[in-house]
Every structure is written in C-alpha cells, then in structure tokens.
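If you're matching them up, the sequences are chains A and B in order. Here the first sequence stands for residues 2 to 311, numbered as in my numbering. Here the second sequence stands for residues 402 to 654, numbered as in my numbering.
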Amino acid sequence: MIKLTGDNIFKVLVAVIAASAIVILLLNTYVLITGSANVFATSGFGFISGRNWNFDIPSFGVLPAILGTLITSGIALLVGVPLSLGIAIFIVEMAPRAIRVPFSYLVEMLAAVPSVIYGLWGMLVLRFWVLDYIETPLNTHLGWFPLFSGTPTGYGFLTAGLILAIMIIPTVASVSREVISAVPNSIREAAYGIGATKWEVIRHWVLSYGRSGIFGAIILGLGRAIGETMAVTMVIGNASGASGMPVSLFQTGQTLPSLIAGGFFDSQTALLSSAYIGAGLVLLAISLLINVAAHVMMTRVLKVKGGAVE
Amino acid sequence: MDNIKIQSVNLNAWFGTKQALKDINLSIKANAITAIIGPSGCGKSTFIRTLNRMHELTPTAKMSGQILLDSQNIYDPIVDPVMIRRRVGMVFQKPNPFPTMSIYDNVAAGLKLTGARKDKNLDEVVKYSLQQATLWDEVKDDLKKPGTSISGGQQQRLCIARAIALQPEVILMDEPTSALDPIASAKIERLVVELKKNYTVAIVTHNMQQASRVSDYTAFMYLGNLIEFGSTKDIFESPKNQLTERYITGEFG
Ligand SMILES: Nc1ncnc2c1ncn2[C@@H]1O[C@H](COP(=O)(O)OP(=O)(O)OP(=O)(O)O)[C@@H](O)[C@H]1O
Ligand SMILES: [Mg+2]
Chain A
2 MIKLTGDNIF KVLVAVIAAS AIVILLLNTY VLITGSANVF ATSGFGFISG RNWNFDIPSF
62 GVLPAILGTL ITSGIALLVG VPLSLGIAIF IVEMAPRAIR VPFSYLVEML AAVPSVIYGL
122 WGMLVLRFWV LDYIETPLNT HLGWFPLFSG TPTGYGFLTA GLILAIMIIP TVASVSREVI
182 SAVPNSIREA AYGIGATKWE VIRHWVLSYG RSGIFGAIIL GLGRAIGETM AVTMVIGNAS
242 GASGMPVSLF QTGQTLPSLI AGGFFDSQTA LLSSAYIGAG LVLLAISLLI NVAAHVMMTR
302 VLKVKGGAVE
Chain B
402 MDNIKIQSVN LNAWFGTKQA LKDINLSIKA NAITAIIGPS GCGKSTFIRT LNRMHELTPT
462 AKMSGQILLD SQNIYDPIVD PVMIRRRVGM VFQKPNPFPT MSIYDNVAAG LKLTGARKDK
522 NLDEVVKYSL QQATLWDEVK DDLKKPGTSI SGGQQQRLCI ARAIALQPEV ILMDEPTSAL
582 DPIASAKIER LVVELKKNYT VAIVTHNMQQ ASRVSDYTAF MYLGNLIEFG STKDIFESPK
642 NQLTERYITG EFG
C-alpha cells in the first residue's frame, strides 16, 4: 500500500489534473465519432470528398468547407504573418522606448475584441473596402483568371481571410515579440561586428535564431484562424453545398466552423445533425493534424540546422 | 609618433548623462599590441567600442571628438559604420559564435554579407582564417557542425577566425580570455602575439601578467580618464603616475 502522505496526495492530484486534459480531448473525440457514425455509415468516404449538402437525396459532403477553411486560413497567414512579424520587429528592434510599451499593449488589445465585433466591422466596413479596392479592379482587369472571376459582392473567401489575418495578429505578433526579445544581444553585437546592417542583423540573425519560436507563433495563429467561427460566418456568405466549392477568391462559400454554426441548430433530422457533427470531427482532425505536423517539422528543422534550441 | 594606425582625439563618451570617457587622446600603433588596463567600470570597453562605432549601438550612447583611422575621422558623416566595422574587427569577452550557423558559416558569414558566394575562394578564406586562428586542425573535419558545438576556448578562436576572415586592419579584443580556463587562455595569448604580424591589435584585459606578456604598449585608465600611456616595459617597470603604480602592484582593482 502506498502511504497517504501529503506528498503522495499532491502527486496524485497533479496526475489527475494533467490526465483530465487528455480525458477531455478523448471524450470530445468520442462524442464526435459516435455522433457522426450515422452520416459516415450513409456517405462513407464521400462525406470527405463530396461537395453536396442536400437533405432531400440525402447526400452530404464537406469538401467545399474543408477547402474554404484551408483557403481562408491560408490568406490569413499570408497576410497576417508578415504584418505580425513587422510589428514584432518594429517593437523590439526599432521603436523608441517611449512608444514600445504602449504600442505592444495596443496590439495585444486587438485580442480582447470579441469576434462578433470583428464580424460586424467586416460586414459594415471591410467588406466595402475589399469590394471597391481589391475585388472590383481585379475582376475588371483580370477577370479571365479563375481566382478573380465571378461577380464580386465583398462577401466571400477573401474578406473572411482578411478578417482572420487581422484576428491572428495579436497572437502571432506578441509571441514573436517575446521570441525576438529573447534573442541574446551578444548575437546582434557579433553580427554588427562583422559589418552587418540593421536589416541584415534582423534577417539573418534575429529571425534565424528565433525561427522555432516564430514558427510556433505562426501555428498558434493558424489554430486560431482555422477555428474562428463567428466573424467568418458573418462575412463569408455561407454558400452551402457545391455552390460553395471554391473557384474564385471573390465567391461566397463556407468553412467547417461556419457550416456548423450556420446549420446545426436548425437540423431537423438525425442524419442531418449527424452530418454537422461529422463536420466537427473533420475540423478537429485537421486541427490536430496540423499541430502534429508542425511539431514534427519543428524538431526536424532544429535537428538538421542545429543550435538555437530555446 | 610614427606608424599610427588608429587614434582618438579629445574623445568623450556618455551613457545618458553619465560620462564614461573623458577627453581621451590615445594613439595605437600599427602592427603592435596595445593593452588597455584599469579597474572595472573605468571605460575600457566603452573606449574600444568607440573605435569601430559599436558604441553608438547602445540606445543612450553619445560621444564627441574624433577617431582617426589612417588619419580619416571614422565619425565623419560620409563614413559608413558598416565599412568601419569590417576594417576594425572585434572579439568579445564571452565567446559568441552564431549558434544557428555551422563552423564554416560562422567564418564565412561576414564575407557572404559582402556578396561572396560559396565558391572555391570562400573555402580558401575560411581555411586561411581558421589556420590563422590556430583552429583549423581541430575543426577541419567538423566544419558543418554548429559553431556552438566546440569548447569555449575553441569558440573564442572561432570568433577570432570570424574577425580575421574579413581581412580587417585592426582587431579589438575585449577581455578575450576572461571566460576561459588557463590552458585555453594561453593558446589565445600566443595567437594574439602571432596576429600582430598582420594586424594592429588592441586588447582589454584585467590580467596584469597577460598585459605585460603580450603587449607592446599599455594604456592605464581610471574613472574614464586615460591616466598613463607608454611602452609596456615603462608602464610596468617605471610607471610615472602613482595611480598606475598602485594599480599594477595590485593595491586596488
Ligand atoms: N549600456 C550602458 N548603459 C549605461 N551605462 C553604461 C553602459 N555600459 C557601460 N556603462 C557605464 O559606463 C562606464 C564604463 O563602462 P565600461 O563597460 O566601459 O567599463 P570597463 O572598463 O569595460 O569595465 P569592466 O572591466 O567591468 O568591463 C561604467 O560606469 C558603466 O557603468
Ligand atoms: Mg568591459
């Protein structure tokens, strides 16, 4: 028998708390799997590869929503990461002391804005900017190119991606800022000492030394972008089924979260709600997969290049 | 004096409102080793950091006066600090090889900045620099390993090779052996003596024996002032100033 000392009780307590994180994840997965068994039994792999969302036939496929999720998150990273890195570099390497702290604080405040507010702003403001300054000109001049084709409305993948880009900035920028400030000054000095310019020091030394941390920051941002529901639902246009199959950036569509949020509560039949739960399972799988891939990539990169393990 | 490589003229330096250097006039001779000694906080590091415009990288730093490198003022507005730092290399107190770069790239980094590609010539410069730093034989089979994977003494010689690779005219060393064990230190000392054939060397040290062993000239600083400057022999055997004498005999420090 293990004695019931304070130390042992503490150990067990900590173990239980730690295990609960795993248990919650497993429970989540379990609920999603059992909940979606129905739709997978009916549609099989077609649930992943299919593009229809039709309860009359019935036929359910989430491919458009998967692609929509990837496209909007991709736009978010493409636009949001350079901006975030720029902000982080500015704060650490360039900003005068007096504005460094208030500016970082402001950037972090962006994270405190509720996502429905981003959604409202997206509908009321950003949507028209995107329509007037990006979509209409591109469509007029390069409309023959599939990505820019269709009839722009301001709603759709592009606007959703741009909203997400803004929403991931506080996460990516503040983690990157921490990473960049953790780069030892001795490295900067050594680089200046061999005749590097400020830009070269940042590019070849600071970013390279901090790359694993910055990579982590980007993955955190990606996680946020993939899962974001409310703001995306408000601006993406929620075209369901095959009509949401992405061809043009300017077209309306859906993401996995917007699909679920838009329909789950109205689902009339057991099969339909099972389909929404299935979409949730796919979303969870994508999120986990990306995290695992990121982890593998990170250890791989560090091993090959050596050093800079924080 | 003949053969002056680098010279400070009425040099003052500040950190914020605190004055770290007071009216320093010091001439460093070409192809000689000049040691800078003095108690902690007297301004030794600050002084050598004004010699390659590293001082100005500290946010609060200011300075006045001139530094003449081959009689040209390096603080002239038309002078590019990047060019100065290539001509006046620096080795720091703590060995600081670039951790994300291989041994090879540590040495080649400065040249790559100037646009040199990985060609035969670059390989040769890397080899030559490592040889000059007496490190080649120890690392020639490990050039791809990270710069931080070798011992502290080897790392410091790698840092010297990194400076040498740019073919500088002057090499500044700020207590290059203070983080090393005696054997590694002795190696660096011998290396420093070798270096003066090709380079002008200024070395900051806390170690009196080291200053007297390696240097040709010695400058003694105290509270931001240059107290005495002369040949190392004179400074150690017949110092003119009371303070110098008390410092080198270890009465304070
Ligand atoms: N970054 C800085 N900010 C503010 N003051 C500084 C800074 N660096 C040095 N000082 C001050 O300037 C003076 C000279 O410092 P310096 O580092 O040149 O001394 P040192 O002779 O090299 O000392 P040590 O032997 O301890 O290295 C000291 O009083 C120090 O406190
Ligand atoms: Mg010092």
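The beta-carbon is built from N, C-alpha and C at its ideal position, and this holds for glycine as well.
| Asked | Found |
| --- | --- |
| Can you find a heavy atom of ligand 2 that lies under 8 angstroms from the Cβ of Q555(B)? | no |
| For L458(B), decide whether its Cβ has a neighbour in chain A, counting only Cβ atoms nearer than 9 angstroms. | yes |
| Which term fits P65(A), buried or exposed, when burial requires 16 or more other beta carbons within 10 angstroms of its beta carbon? | buried |
| Check this for me: beta carbons of G554(B) and K598(B), under 9 angstroms apart or not? | no |
| Going by DSSP, what residue range makes up the beta strand (DSSP E) through Y623(B)? | Y618 to Y623 |
| Under a three-way DSSP split, which group does V184(A) fall into? | coil |
| Which term fits M95(A), buried or exposed, when burial requires 16 or more other beta carbons within 10 angstroms of its beta carbon? | exposed |
| List the residues of chain A whose Cβ lies closer than 8 angstroms to the Cβ of V593(B), in chain order. | Near V593(B) there are no residues of chain A at all, since even the closest Cβ is about 17 angstroms away, more than 8 angstroms. |
| Report all residues for which the CB-ligand distance to some heavy atom of ligand 1 is below 5 angstroms; order them along the chain. | F416(B), A421(B), S441(B), G442(B), C443(B), G444(B), K445(B), S446(B), T447(B) and T459(B) |
| If you run the structure through DSSP and keep just helix, strand and coil, what is P547(B)? | strand |
| Taking 9 angstroms as the CB-CB cut-off, is G194(A) touching chain B? | yes |
| Do V80(A) and A232(A) have their C-beta atoms closer together than 9 angstroms? | no |
| What would DSSP say about I493(B), mapped onto helix, strand or coil? | Checking the displayed sequence, the identity of residue 493(B) turns out to be Phe instead of Ile. Correct three-state label for F493(B): coil. |
| Mark G62(A) as exposed unless 16 or more other C-beta atoms lie within 10 angstroms of its C-beta, in which case mark it buried. | buried |
| Check whether the stretch 418-437 of chain B and the stretch 250-266 of chain A are in contact - that is, three or more C-beta pairs closer than 8 angstroms. | no |
| Using only alpha-carbon positions, find the residue among W415(B), K641(B) and D506(B) that is nearest to K546(B). | D506(B) |
| Is I468(B) helix, strand or coil when you go by DSSP? | strand |
| Just checking V492(B) against ligand 2 - is the residue's beta carbon closer than 8 angstroms to any of the ligand's heavy atoms? | no |
| Under the assumption that I287(A) contacts I227(A) (Cβ atoms under 8 angstroms), give the Cβ distance between them as a whole number of angstroms. | 7 angstroms |
| What is the rounded straight-line gap between the Cα of V527(B) and the Cα of L514(B)? | 14 angstroms |
| Comparing the C-beta of P185(A) with each C-beta of chain B, is any distance below 9 angstroms? | yes |
| When the distance is taken between beta carbons, is F499(B) closer than 9 angstroms to I215(A)? | no |
| Measuring alpha carbon to alpha carbon, tell me which of I90(A), W122(A), A99(A) and L208(A) ends up nearest S1(A). | With chain A covering 2 to 311 only, the question about residue 1(A) has no answer from this structure. |
| What did DSSP end up calling L64(A) once you bin it into helix, strand or coil? | helix |
| What are the partner residues of G254(A), as DSSP defines its beta bridges? | G238(A) |
| Verify the CB distance criterion: does N599(B) have a CB-CB separation below 9 angstroms to chain A? | no |
| So which residues on chain B does T198(A) lean against when the C-beta distance must stay under 7 angstroms? | V483 |
| Do D8(A) and ligand 2 come close, with the Cβ less than 8 angstroms from some heavy atom? | no |
| Closest Cβ-Cβ distance between M622(B) and chain A: below 9 angstroms? | no |
| Quick one: give me the first and last residue of the alpha helix (DSSP H) that E539(B) is part of. | W537 to V540 |
| Does the Cβ of H456(B) have 16 or more other Cβ atoms within 10 Å, making it buried, or fewer, making it exposed? | buried |
| Does the Cβ of E576(B) lie closer than 8 angstroms to at least one heavy atom of ligand 2? | yes |
| Please report whether the beta-carbon of R178(A) lies at a distance below 9 angstroms from any beta-carbon of chain B. | no |
| Assuming the contact rule is C-beta atoms closer than 8 angstroms, I438(B) and F621(B) should be a hit. Round their C-beta distance to whole Å, please. | 6 angstroms |
| Should S74(A) and L223(A) be called a contact, given that it needs their Cβ atoms to be closer than 9 angstroms? | yes |
| Assuming contact is defined by CB atoms lying nearer than 9 angstroms, are G211(A) and V180(A) in contact in what I supplied? | yes |
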